[in-house]
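Residue numbers (this note's numbering), protein chains in the order written: chain A, 1 to 366; chain B, 367 to 732.
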């Protein structure tokens, strides 16, 4: 077990004790990756990392066991396709979790059939998701994670600028996305997603980038993310093709003020809902509350969306080291949308923005 | 609602009636894609397609609703980030599923938190996964699906041949995988996975393609899949670099006989376990039973792994139109692995292989 994996197990067991958790079960995915330093090929074969107060081990499909042993020295309770996972799961629970006392914490992202296999094997157990154990720990980044997120954000800045430098009327949204992809690929990264939404398309927060041709007078939402060194980026900026559409400047400045209000509200010890409220209040006060249709932000780490979530109903209290987005937006159906998004790490005295790129709209001269 | 979507709803409701199913709940993913013709951006926000005997509708995050309406005219029970999904789910269940009678069928691939949200909202309901409803229907392909799977298999043949034509000693596994990627990309497809495993690496069925350099005397497992027209391919062939390793020819011919035995056993009305048994028997009789560590096959459709699964413990009965892999293998730790895999569609008189490429090992002349 590497030092970092050993440290994370120790921190997790401290959280388990604090929260009365007897067993944590993680599926092949980001939680397992964070804790164990790897995860096997995820498929429909039940595969779980089971962590109890003293012992831990894997429920492991036999055909992944040999490769998994190269990455972990934890015991593997193997099962073959011919037998199915039930007997191996019973053996694992008998060995690792004989007391069957305390909460069962389930990886909320695991497949439903994995979760129900375990729930059915532990009838009557109190269950919870990872919010106050693995999720909480993952939300607070250590220095090595900070450095990778920062490097990823700076590459994102460059990908955005590369697209800006080549955008022009007549190009499709997809062609703009290709410019972003190419920049990530040419610099050792890999694009993770891109939402390029021209004018009316930008009014859909989750628009699928498509064949819409950029025209003079378009306001273009550019929400892009890549990955390098195992960690992602996520940033939204606006581009204007020539002359901005009517009313653009006023809306942009409302969204910018909302970002600044959220930045000013984000401090260790403050509930995440307070940060959402700060951004939302600015937009509501300006009369556009009904057009800000999503939460203010989400955590970013191994996953592009992870705790903490910055929502009106969140009861998460922000802590030093948490990394999350601040991304208010105003979406005017049929006209345009404006979203401005930065990723921040929360320091003792407030948020540090990872990107170095100003939030002003970039104007494509034509 | 398109004709194909309407037909699929009708077929699903017939299966629901046969199986005593009151409600089918699908998450954003392949089941939803198959039934509704689309699925929204999957993330941590609960999103479900709920199908009851008379009515159907979506539990839908508000920020995806407008885009979803472009793809479906079913009612959307929307929820905003500020409120969370509970009230919208209650409204959806009250409207769509007032009787609360019959089984709840859950998409086994949905996130655990989505499934438990629904289970907690329907206390005491009998639950099942999709095996005998959506899963069964998806396993039997219609003509349009067959044509796309066939085209995808033929592109895979060409990608394999393109890699063979350029492989040589000194190249890494990753460089071979790159040749496959490039061929898919150059012909309008996209690689989905590739396992390139030289000699001892090929003895891990799920080896991660890496920096291992190909050398004279290597036996190389090449398990590759791409996607074109929305449908995937999946095929495994062997390549030999110069002279085959000792004992190779004998093992290859055992695996080939296992493939042929499985092909001969696969007929409509036969249990999937019989096909697994046929392949396994050949390998056991040859004395290598302990080295065939996985099932004989899996279904292939929108997903690369989907029902029917061809395993020793499967109680699936094969039906005309089902598409699945036949892929026995023998894995000799530290030496080499041999797997031969073809995708077939089951016709009234037996399986039709989609690939046109013989299963002989390709010899790279050096």
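No residue lacks a Cβ here, since even glycine has one placed at the ideal position from N, Cα and C.
Inset, instruction - Report yes or no: is there a C-beta of chain A within less than 8 Å of the C-beta of residue 659/B? - result: Position 293 of the second chain, counting from 1, holds the residue named residue 659/B. With 8 Å as the cut-off, residue 659/B counts as an interface residue toward chain A.
Legend entry - Residues of the segment 451 to 477 of chain B with Cβ closer than 9 Å to any Cβ of chain A, in chain order: Of all residues in the segment 451 to 477 of chain B, 472, 473, 474, 475, 476 and 477 have a Cβ within less than 9 Å of some Cβ in chain A.
Legend entry - Test item: CB-CB of residue 676/B and residue 582/B under 8 Å: As a first step, residue 676/B is located in the second chain; it is residue number 310 there, counting from the start. As a first step, residue 582/B is located in the second chain; it is residue number 216 there, counting from the start. Not closer than 8 Å, so no.
Inset, instruction - Confirm, please, whether the CB-CB distance from residue 338/A to residue 255/A is below 8 Å. - result: Counting from one through the first chain, the residue named residue 255/A turns up at place 255. Counting from one through the first chain, the residue named residue 338/A turns up at place 338. Residue 255/A places its beta carbon less than 8 Å from that of residue 338/A.
Legend entry - Against chain A: residues of the segment 392 to 425 of chain B by CB proximity under 7 Å: Going along the segment 392 to 425 of chain B in chain order, one finds 407, 409 and 410 with a Cβ nearer than 7 Å to chain A.
Legend entry - Contact set between residue 313/A and chain B, taken where Cβ atoms lie within less than 9 Å: Here the question's residue 313/A lines up with position 313 in the first chain. Within chain B, the residues placing a beta-carbon under 9 Å from that of residue 313/A are 447, 448, 449 and 450, ordered along the chain.
Legend entry - residue 640/B, DSSP secondary structure in three states: As a first step, residue 640/B must be located in the second chain, where it is residue number 274. Note: residue 640/B maps to helix in three-state DSSP.
Legend entry - In DSSP terms, what residue 690/B is bridged to: Residue numbering aside, residue 690/B sits at position 324 when the second chain is read from its first letter. Bridge partners of residue 690/B: 665/B and 710/B.
Inset, instruction - Rounded to whole angstroms, what's the CA-CA distance from residue 288/A to residue 361/A? Just pull it up for me. - result: If you number the first chain from 1, residue 288/A lands on position 288. If you number the first chain from 1, residue 361/A lands on position 361. Each residue's Cα considered, the two are about 20 Å apart.
Inset, instruction - Could you tell me which of 525/B, 613/B and 712/B sits nearest to residue 723/B, measuring between CA atoms? - result: Position 357 of the second chain, counting from 1, holds the residue named residue 723/B. In this structure, 525/B is the residue among 525/B, 613/B and 712/B with its C-alpha nearest to the C-alpha of residue 723/B.
Inset, instruction - Step through the CB atoms of chain A and report whether any lies within less than 8 Å of the CB of residue 479/B. - result: Numbered from its first residue, the second chain carries residue 479/B at position 113. Yes, because at least one Cβ of chain A sits closer than 8 Å to the Cβ of residue 479/B.
Inset, instruction - Under 8 Å between beta-carbons, which chain A residues line up against residue 443/B? List them in chain order, please. - result: Indexing the second chain from 1 puts residue 443/B at position 77. At a beta-carbon threshold of 8 Å, none of the residues of chain A lie near residue 443/B; the nearest stands roughly 16 Å away.
Inset, instruction - Check the Cβ-Cβ distances between residue 336/A and every residue of chain B, and say whether any is below 8 Å. - result: The count along the first chain starts at 1 and reaches residue 336/A at position 336. Interface flag for residue 336/A against chain B is unset, since no Cβ pair is found closer than 8 Å.
Inset, instruction - For the segment 329 to 347 of chain A and the segment 161 to 170 of chain A, state whether three or more C-beta atom pairs, one from each stretch, are separated by less than 8 Å. - result: Contact between the segment 329 to 347 of chain A and the segment 161 to 170 of chain A is absent, with fewer than three C-beta pairs closer than 8 Å.
Legend entry - Where residue 339/A sits in the DSSP three-state scheme: One-based indexing of the first chain puts residue 339/A at position 339. Three-state result, residue 339/A: strand.
Legend entry - Counted within 10 angstroms of its Cβ, other Cβ atoms place residue 275/A as buried (16 or more) or exposed: As a position in the first chain, residue 275/A is number 275, starting the count at 1. When all chains shown are included, residue 275/A counts as buried.
Legend entry - is_contact[residue 129/A, chain B] using C-beta, thresh 8 Å: Along the first chain, read from residue 1 onward, the residue named residue 129/A stands at position 129. It does: the Cβ of residue 129/A has a partner Cβ on chain B nearer than 8 Å.
Inset, instruction - Give every residue of the same chain whose Cβ lies closer than 7 Å to the Cβ of residue 117/A, excluding the five residues on either side of it in the sequence, and list them in chain order. - result: Numbered from its first residue, the first chain carries residue 117/A at position 117. 46, 85 and 89, listed in sequence order.
Inset, instruction - Indicate whether at least one CB of chain A lies closer than 8 Å to the CB of residue 428/B. - result: In the second chain, counting from the first residue as 1, residue 428/B sits at position 62. Residue 428/B belongs to the set of residues whose beta carbon lies under 8 Å from a beta carbon in chain A.
Legend entry - Runs of alpha helix (DSSP H) wholly within the segment 442 to 494 of chain B (minimum 4 residues, chain order): If we require 4 residues or more, the alpha helix (DSSP H) runs fully inside the segment 442 to 494 of chain B come out as 452 to 462 and 478 to 487.
Inset, instruction - Taking the CB atoms as reference points, tell me whether residue 371/B and residue 390/B lie closer together than 8 Å. - result: Along the second chain, read from residue 1 onward, the residue named residue 371/B stands at position 5. Along the second chain, read from residue 1 onward, the residue named residue 390/B stands at position 24. Judged by beta-carbon spacing, residue 390/B lies beyond the 8 Å limit of residue 371/B, meaning their Cβ atoms are not closer than that value.
Inset, instruction - Measure the CB-CB distance between residue 684/B and residue 694/B and report whether it falls below 8 Å. - result: As a working mapping, residue 684/B is identified with position 318 in the second chain. As a working mapping, residue 694/B is identified with position 328 in the second chain. No; because the gap between Cβ atoms is not below 8 Å, this pair is not in contact.
Legend entry - Cβ pair residue 42/A, residue 68/A closer than 8 Å: As a position in the first chain, residue 42/A is number 42, starting the count at 1. As a position in the first chain, residue 68/A is number 68, starting the count at 1. Annotated as distal: residue 42/A and residue 68/A, with beta-carbon spacing of 8 Å or more.
Legend entry - Residue burial classification, residue 22/A (beta-carbon count within 10 angstroms, cutoff 16): For the purposes of this step, residue 22/A is taken as the residue at position 22 of the first chain. That one is buried.
Inset, instruction - Would you list, in sequence order, the uninterrupted alpha helix (DSSP H) runs of no fewer than 4 residues that lie entirely inside the segment 587 to 660 of chain B? - result: Entirely contained in the segment 587 to 660 of chain B, the alpha helix (DSSP H) runs reaching 4 residues are, in chain order, 614 to 631 and 638 to 651.
Legend entry - chain B within 8 Å of residue 352/A, Cβ atoms only: Position 352 of the first chain, counting from 1, holds the residue named residue 352/A. No - not a single Cβ of chain B is within 8 Å of the one on residue 352/A.
Legend entry - Simplified DSSP state of residue 518/B, which is helix, strand or coil: Against the second chain, residue 518/B aligns to sequence position 152. In this structure, DSSP gives residue 518/B a helical state, which the three-state scheme calls helix.
Legend entry - Assigned exposure category for residue 490/B - 16 Cβ within 10 Å defines buried: Here residue 490/B corresponds to residue number 124 of the second chain, with the count starting at 1. It counts as exposed.
Inset, instruction - Spatial neighbours of residue 314/B within its chain, please: CB distance less than 8 Å, with the 5 preceding and 5 following residues excluded, ordered by chain position. - result: The question about residue 314/B has no answer here: the residues shown for chain B are numbered 367 through 732.
Inset, instruction - With DSSP collapsed to three states, give me the class of residue 432/B. - result: Taking the second chain and counting its residues from 1, one reaches residue 432/B at position 66. In the structure shown, residue 432/B sits in a helix (DSSP, three-state: H, G or I).
Legend entry - Three CB pairs or more closer than 8 Å across the segment 57 to 71 of chain A and the segment 128 to 137 of chain A: Output reads no: the segment 128 to 137 of chain A does not touch the segment 57 to 71 of chain A.
Inset, instruction - Return yes when at least one heavy atom of the ligand SAM lies under 7 Å from the C-beta of residue 93/A, else no. - result: Only the bare structure without any ligand can be found here, which leaves the ligand SAM out of the picture.
Inset, instruction - Check the Cβ of residue 67/A against every Cβ in chain B and list those closer than 8 Å, keeping chain order. - result: Reading the first chain from its first residue, position 67 is the one you call residue 67/A. Within chain B, 570, 572, 573 and 574 have C-beta atoms less than 8 Å from the C-beta of residue 67/A, given in sequence order.
Inset, instruction - With DSSP as the reference, label residue 720/B as helix, strand or coil. - result: Taking the first residue of the second chain as 1, we reach residue 720/B at position 354. Coil.
Inset, instruction - Could you tell me whether the Cβ of residue 618/B comes closer than 8 Å to any Cβ of chain A? - result: By 1-based counting over the second chain, the position of residue 618/B is 252. No, no contact with chain A.
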